[in-house]
Amino acid sequence: MTVGIALWTCIVLFVAVGLTAVILTWLRRGGVNVQQLNVPGATACTNNVCARHARFIKAKVNTTIDPCEDFEAFACDGWKPATDHFDYTTALDSLLVGRWFDNFFEVVNKGARNLSAGRTVLTALESCSDDDSASEGKNEGLKMLKEFMHDLQMPWLDEVPPPGANPFRVLVELAYNWRMGVWFDVSRYQKKEQSWEEPNIGPYY
1 MTVGIALWTC IVLFVAVGLT AVILTWLRRG GVNVQQLNVP GATACTNNVC
51 ARHARFIKAK VNTTIDPCED FEAFACDGWK PATDHFDYTT ALDSLLVGRW
101 FDNFFEVVNK GARNLSAGRT VLTALESCSD DDSASEGKNE GLKMLKEFMH
151 DLQMPWLDEV PPPGANPFRV LVELAYNWRM GVWFDVSRYQ KKEQSWEEPN
201 IGPYY
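The sequence shown: position 41 = 41 (the UniProt record's numbering), numbered continuously.
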């Protein structure tokens with residue numbers, strides 16, 4: 001995905017620089033005095049939006065390379081990957097991702113009111129939240145987790161395993177009943193000529 005974004009960015013920059021070069025050449029050959037245009041720095045822009053875009057392009061090209069020698073490197077080598085974790089592709093995508101993160105808690109709250117399974121999701125979300133107002137949800141989620149582990153005979157972090165606890169049985173139950181395969185997957189397998197099912201153990205993907 002990152003390579004595709006970089007490729008499209010390079011193509012757009014390549015086209016933009018090429019169009020700028022064509023426009024400048026056309027203006028000079030057409031007898032227009034570029035120095036008379038209303039932007040400092042002798043550019044082809046006549047307003048602030050154009051000038052800002054021109055400065056953006058100028059800041060992103062690699063000015064140490066002669067465009068007549070290697071135009072692709074001149075247009076593309078100056079781009080650096082974004083450091084902001086929200087800035088995945090474009091400003092619009094970043095805005096959408098930010099809005100999604102901001103509205104996620106509200107969406108889960110609505111789901112908890114309308115769906116029976118929504119309360120479990122909300123409890124899990126609250127148990128991961130650092131907000132002090134979610135302490136009740138944290139306690140409830142922790143209690144549910146401990147009960148789940150106790151039913152599977154899984155000891156808590158500082159507890160001794162119960163007598164007769166079998167780690168392999170725990171892994172099989174997690175893989176078969178809860179679809180939480182760790183090292184392998186367990187599913188039901190039934191042959192056409194058989195009326196009963198047998199477990200099918202295979203690698204977990």
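For each residue, glycine too, the CB sits at the ideal point set by N, CA and C. Remember, predicted model here, so these are calculated numbers, not experimental data.
Below 8 Å on the Cβ atoms is my guess for residue i versus residue j; work out the distance and round it to an integer in Å.
i    : j    : result
M154 : V172 : Not confirmed; about 13 Å, so no contact.
F71  : V61  : Actually they do not touch by this definition, with Cβ atoms about 10 Å apart.
Going straight from the alpha carbon of residue i to that of residue j, what length do you get?
i           : j    : result
R52         : N103 : 33 Å
L37         : N47  : Legend: pLDDT at L37 = 37, less than 50; position of this residue unreliable, value from coordinates given subsequently. Cα-Cα distance, rounded: 9 Å.
G78         : I23  : 22 Å
residue 277 : E69  : Here the chain covers residues 1 to 205 and nothing more, so residue 277 does not appear.
F184        : A175 : 7 Å
V49         : A59  : 15 Å
W178        : R99  : 32 Å
I65         : L96  : 36 Å
F168        : C76  : 54 Å
F105        : A117 : 15 Å
A151        : V160 : The identity of residue 151 in the sequence shown is Asp, whereas the question assumes Ala. Looking at the two C-alpha atoms, the distance is approximately 15 Å.
If you drop the 5 nearest sequence neighbours on each side, which residues of the same chain put their C-beta closer than 8 Å to that of residue i?
i    : result
T121 : The amino acid occupying residue 121 in the given sequence is Val; Thr does not appear at that position. Here the set comprises V108, G111, A112.
T123 : G137, E140, G141, M144
P162 : Q153, P155
L115 : none
R119 : A112
M149 : P155, W156
K146 : W156
A165 : Q153, M154, P155
M180 : L174
V182 : L171, L174, A175, Y204
Kindly examine the ligand ADP and report whether one of its heavy atoms sits closer than 6 Å to the Cβ of residue i.
i   : result
I65 : The model depicted lacks the ligand ADP and carries no ligand whatsoever.
Going by DSSP, name the residue or residues bridged to residue i.
i   : result
R52 : Bridge partners of R52: none, in fact.
Near residue i, which residues of its chain fall below 6 Å by C-beta distance, leaving aside the five closest residues on each side in sequence?
i   : result
P67 : F74
T43 : Reliability of the predicted coordinates at T43 is poor, the pLDDT of 45 falling under 50, and the value obtained from them is presented with this limitation in mind. Cβ within range, chain order: A54.
Step through the CB atoms of chain D and report whether any lies within less than 7 Å of the CB of residue i.
i    : result
N139 : Note that chain D does not occur in the displayed structure, where there is just one protein chain.
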